[in-house]
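So the sequence lines, in the order shown, correspond to chains W and V.
FYI, the numbering for the first sequence is 4 to 432, going by this note's numbering.
FYI, the numbering for the second sequence is 292 to 538, going by this note's numbering.
Virtual Cβ for every residue (Gly too), placed ideally from N, Cα, C.
In this text the structure is predicted, and so the values were computed from the model without any measurement.
See structure below.
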Amino acid sequence: MDALDKLTILADAAKYDVSCSSSGSDRKAVKGMLGNAAPPGICHSFSEDGRCISLLKILFTNKCIYDCAYCVNRASNGDMPRAEFTPDEVVAITINFYRRNYIEGLFLSSGVVKNPNHTMELLVDVVKKLREVERFNGYIHLKGIPGADQRLIDRAGRYVDRMSINIELPTTQSLRLLAPEKSRSEMIAPMGYIKEQIAEYKALSKRFQNTPSFVPAGQSTQLIVGATQEVDLKIIKISEALYNRMALKRVYYSAYVPVGKTEIATPNQLNLLRREHRIYQADWLLRFYGFKADEILTREEPNLDMEVDPKCQWALRNMHLFPMEINRVPFEALLRIPGIGNITARRIMASRRFGPLNFDSLIKMGVVMKRAKYFITCSGQVFGGIDLEPMKLKQQLIDAPKSQTSQMSMFELYPGQFSGGGASYDLSV
Amino acid sequence: MIYLYDGTFEGVLSGIYVMFHQKCPVDAARLMHKDRYQYGIFDEVVLVETQVEEAGKVASSIIETFGQEAFRRIGYAYLSEDEAFGTILFKCLKRAYKLGGMAFENLSDPDILALYKCFNAVARESHRMLGLLRFMELEKGVYYAPFDPTYDLLGLMVPHFTERLNDQVWVIHDIKRRKAAFYNGHEVHFGELDPLDTMSLSAREHDYQKMWQGYFEHIAIDARKNPKLHRQMMPKKYWKYLVEKLH
Chain W
4 MDALDKLTIL ADAAKYDVSC SSSGSDRKAV KGMLGNAAPP GICHSFSEDG RCISLLKILF
64 TNKCIYDCAY CVNRASNGDM PRAEFTPDEV VAITINFYRR NYIEGLFLSS GVVKNPNHTM
124 ELLVDVVKKL REVERFNGYI HLKGIPGADQ RLIDRAGRYV DRMSINIELP TTQSLRLLAP
184 EKSRSEMIAP MGYIKEQIAE YKALSKRFQN TPSFVPAGQS TQLIVGATQE VDLKIIKISE
244 ALYNRMALKR VYYSAYVPVG KTEIATPNQL NLLRREHRIY QADWLLRFYG FKADEILTRE
304 EPNLDMEVDP KCQWALRNMH LFPMEINRVP FEALLRIPGI GNITARRIMA SRRFGPLNFD
364 SLIKMGVVMK RAKYFITCSG QVFGGIDLEP MKLKQQLIDA PKSQTSQMSM FELYPGQFSG
424 GGASYDLSV
Chain V
292 MIYLYDGTFE GVLSGIYVMF HQKCPVDAAR LMHKDRYQYG IFDEVVLVET QVEEAGKVAS
352 SIIETFGQEA FRRIGYAYLS EDEAFGTILF KCLKRAYKLG GMAFENLSDP DILALYKCFN
412 AVARESHRML GLLRFMELEK GVYYAPFDPT YDLLGLMVPH FTERLNDQVW VIHDIKRRKA
472 AFYNGHEVHF GELDPLDTMS LSAREHDYQK MWQGYFEHIA IDARKNPKLH RQMMPKKYWK
532 YLVEKLH
């Protein structure tokens with residue numbers, strides 16, 4: 004099997020891991036070394052599912068001794084072609100892709116071969132060669148193998164920019180159900196350890212100039228949504244705890260994709276993708292908009308609304324706070340208005356100093372009036388004739404289906420009547 | 292009144308100098324690239340001579356009054372090659388000197404916003420292109436990257452790649468504008484370069500291109516294919532030089 008075959012198999016095996024970000028590391032260029040890291044991150048391509056390709060995201064091997072029900076690489080998935088790289092192959096591909104500007108760096112993960120320590124050693128070997136032999140100074144994201152020695156986590160941490168240990172499923176019960184060989188503590192313990200080490204190295208680097216870096220871009224994790232029954236409130240509470248207590252940089256969510264034959268009942272894929280999207284929006288509210296999980300959702304309303312975004316959902320529940328006066332409320336309040344994002348809020352703050360803004364300039368600055376108009380006044384004025392009663396309001400916020408999609412569903416609903424479209428509805432049958 | 296400059300950055304700043312000096316009213320004057328201007332029969336035309344010293348005065352005044360960032364914005368906006376850039380800049384500066392130090396933050400003002408839009412378009416494509424540029428390895432180990440950007444980005448690509456690929460010999464070639472940046476491992480120089488007819492690739496180049504194509508194809512999740520989103524994130528106009536989109 005040549006490197007090309009291995010690459011396609013091991014890219015296939017890695018694609019369900021959603022993380023691809025290359026941001027957060029400020030690795031300065033050094034003369035004679037290859038690469039640097041750009042703090043905002045750079046997308047080098049976009050795959051046909053529309054996701055950013057920033058890092059070369061591959062598994063070292065997709066052979067695995069575990070049998071997690073949600074995972075395409077589980078031991079019992081017999082139809083799966085298997086492959087294993089050598090460390091030198093991964094190094095050569097990474098360096099050559101990087102020199103052609105295909106990638107921002109490497110994201111290396113792996114199935115578990117023999118045992119966690121053996122696997123982790125192989126991964127450490129790759130990153131060590133990249134840094135020490137090839138003098139590679141680009142971005143590296145390494146997956147920590149649950150159950151591997153602290154000593155190995157420690158060694159890896161000095162070479163990489165980001166480390167992540169996937170939490171996989173939201174609760175201990177669901178983990179027991181779908182991944183009986185993995186334990187929650189094997190995931191949480193190294194996360195806590197990495198957090199402590201990052202803090203320690205940071206403190207040291209303030210006193211000693213030559214302190215090496217340790218996971219400078221921080222850690223992230225991923226959890227699978229929709230393979231088990233948790234409500235959205237539970238999921239964003241977990242994320243909130245991971246951000247606050249484990250100081251994680253990102254939590255990624257992956258709508259469960261049924262892979263191979265499995266015992267898990269297959270949920271509606273389209274709804275699941277929308278749910279994933281809404282959870283990401285809620286995650287954004289946690290990280291950049293100053294919301295708490297308990298504000299976004301409540302016990303009475305524990306799930307995200309599929310029809311309106313989480314900020315609208317929150318606003319509709321809190322109509323007593325609106326309308327807000329654009330020319331007066333503080334930055335934190337602007338951020339809570341549906342249709343106003345971080346950049347727009349900052350533009351409003353800056354422009355406001357020159358005099359009161361009007362609706363026209365708000366639109367030019369990027370306010371999405373379709374949503375914002377129900378929640379703001381501009382020098383006391385209301386935009387157009389609008390109705391502020393929450394239930395009616397919600398109807399108005401829901402996007403009307405586009406004409407094209409309704410046509411599609413018409414064809415799907417009455418295949419017999421509209422058979423001209425394609426080969427799938429053969430008249431002779 | 293119509294003022295014509297020679298198309299250079301110094302030229303446009305010289306134009307600004309003259310126009311401010313002559314106290315041109317903001318609505319009755321235009322500043323245009325002389326090669327792109329079409330003479331109207333009743334136009335009164337002034338040909339501006341490029342004066343490096345006067346251009347320098349304008350530049351330092353902008354930096355002193357509005358800061359480095361404002362000047363950077365103007366530089367980027369110039370690279371947009373927008374037909375109306377000279378006039379946009381004139382109006383923007385007229386307004387900005389009235390508003391004072393933080394004027395460039397006032398995006399509710401249409402004249403300030405117009406310049407910001409030129410800047411932003413260039414900044415966005417420039418960031419995008421840092422990712423989309425593709426090098427191929429030629430014989431003798433030179434890495435060659437042809438591209439065809441909407442705006443004049445060559446100068447903005449260079450600092451990034453002299454840092455990142457500092458141990459590598461490379462050429463970045465703007466095919467449409469027929470110019471290139473050459474880096475020999477130590478320093479960069481710019482020069483004219485016509486599109487190349489033939490190139491001899493290194494022995495391994497083909498293998499790595501194949502691998503990148505294979506990777507690209509397999510990293511997409513079939514169940515989630517979304518061609519519309521794909522084209523939106525990576526518009527077709529950039530595909531011509533993307534290895535992964537050539538088959």
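Counting only beta-carbon separations shorter than 8 Å, does residue i have a partner in chain V?
i	result
K198 of chain W	no
M83 of chain W	no
F334 of chain W	no
V260 of chain W	yes
F291 of chain W	no
K405 of chain W	Confidence in K405 of chain W is poor, its pLDDT being 45 and thus under 50, which makes the residue's placement unreliable; the coordinate value appears in the next sentence. It does not; no Cβ of chain V falls within 8 Å.
D164 of chain W	no
T122 of chain W	no
S409 of chain W	Any reading at S409 of chain W must be qualified, since the residue scores a pLDDT of 36, below 50, and its modelled position is unreliable; the value itself is stated next. Judged by the 8 Å Cβ criterion, S409 of chain W is not in contact with chain V.
T11 of chain W	yes
K18 of chain W	yes
L7 of chain W	yes
S354 of chain W	yes
F357 of chain W	yes
D15 of chain W	yes
A78 of chain W	no
Does any CB atom of chain W fall closer than 8 Å to the CB of residue i?
i	result
W503 of chain V	yes
I512 of chain V	yes
N411 of chain V	no
D485 of chain V	no
N457 of chain V	yes
Y518 of chain V	Checking the displayed sequence, the identity of residue 518 of chain V turns out to be Pro instead of Tyr. Cβ-Cβ to chain W under 8 Å: yes for P518 of chain V.
H497 of chain V	no
F311 of chain V	no
L404 of chain V	yes
H480 of chain V	no
E535 of chain V	yes
G377 of chain V	no
F507 of chain V	yes
Taking all protein chains shown into account, do 16 or more other C-beta atoms lie within 10 angstroms of the C-beta of residue i, making it buried, or fewer, making it exposed?
i	result
A285 of chain W	buried
F376 of chain V	buried
T489 of chain V	exposed
Y296 of chain V	buried
G392 of chain V	exposed
Y308 of chain V	buried
A14 of chain W	buried
Y369 of chain V	buried
D400 of chain V	buried
A320 of chain V	buried
P316 of chain V	exposed
E203 of chain W	exposed
F362 of chain W	buried
Q316 of chain W	buried
S175 of chain W	According to the sequence shown, residue 175 of chain W is Thr rather than Ser. Looking at its Cβ environment, which holds fewer than 16 other Cβ atoms inside 10 Å, T175 of chain W is exposed.
N169 of chain W	buried
Which whole-angstrom value is the C-beta distance of residue i and residue j, which I expect to be below 8 Å?
i	j	result
L337 of chain W	K314 of chain W	The Cβ separation is near 12 Å, so there is no contact.
A182 of chain W	E171 of chain W	6 Å
A405 of chain V	A394 of chain V	Rounded, the Cβ-Cβ distance is 13 Å, inconsistent with contact.
V116 of chain W	P90 of chain W	The pair is not a contact, with the Cβ atoms about 13 Å apart (cut-off 8 Å).
G195 of chain W	G141 of chain W	So it is not a contact: roughly 28 Å between Cβ atoms.
P341 of chain W	F378 of chain W	6 Å
Between residue i and the ligand HEM, is there a pair consisting of the residue's CB and a ligand heavy atom that are separated by less than 7 Å?
i	result
P518 of chain V	Only the bare structure without any ligand can be found here, which leaves the ligand HEM out of the picture.
**Study point:** chain V contacts made by the segment 35-68 of chain W, where a contact means CB separation under 9 Å
**Key:** G35, M36, L37, G38, N39, A41, P43, I45, C46, H47, S48, F49, S50, E51, D52, G53, R54, C55, I56, S57, L59, K60, I61
Exercise for review: Kindly provide the ranges of any alpha helix (DSSP H) runs that are 4 or more residues long and lie completely inside the segment 83-109 of chain W, ordered along the chain.
Suggested key: You should have 90-102.
**Study point:** Contacting positions in the segment 359-373 of chain W - beta carbon closer than 7 Å to chain V
**Key:** Residues passing the 7 Å Cβ filter: L360, S364, K367, M368.
Practice item. Output, in sequence order along the chain, the residues in the segment 429-440 of chain V whose CB is closer than 8 Å to any CB in chain W. Key: Y434, A436
Practice item. Give the residues from the segment 91-110 of chain W that approach chain V closer than 7 Å (Cβ to any Cβ), ordered along the chain. Key: I96, N99, F100, R102, R103, N104, Y105
Point to revise | Under 9 Å (Cβ pairs) to chain W, residues found in the segment 349-365 of chain V | key: Cβ contacts with chain W come from no residue of the segment 349-365 of chain V.
Point to revise | In chain order, each alpha helix (DSSP H) run of at least 4 residues that lies wholly inside the segment 180-254 of chain W | key: 187-210, 235-248
Practice item. Could you list the residues in the segment 308-332 of chain W with a C-beta less than 8 Å from some C-beta on chain V, going in chain order? Key: none
Review point. What residue ranges within the segment 345-404 of chain W form continuous alpha helix (DSSP H) runs of no fewer than 4 residues, ordered along the chain?
Key: 345-355, 362-368, 372-375, 393-400
Practice item. Entirely within the segment 378-445 of chain V and at least 4 residues each: give me those alpha helix (DSSP H) ranges in chain order. Key: 401-423
Point to revise | Where the segment 413-426 of chain V meets chain W: residues whose CB sits under 9 Å from a CB there | key: H418, R419, L421, G422, L423, L424, R425, F426
Exercise for review: Let me know the alpha helix (DSSP H) ranges lying completely inside the segment 448-508 of chain V, each 4 residues or longer, listed in chain order.
Suggested key: none
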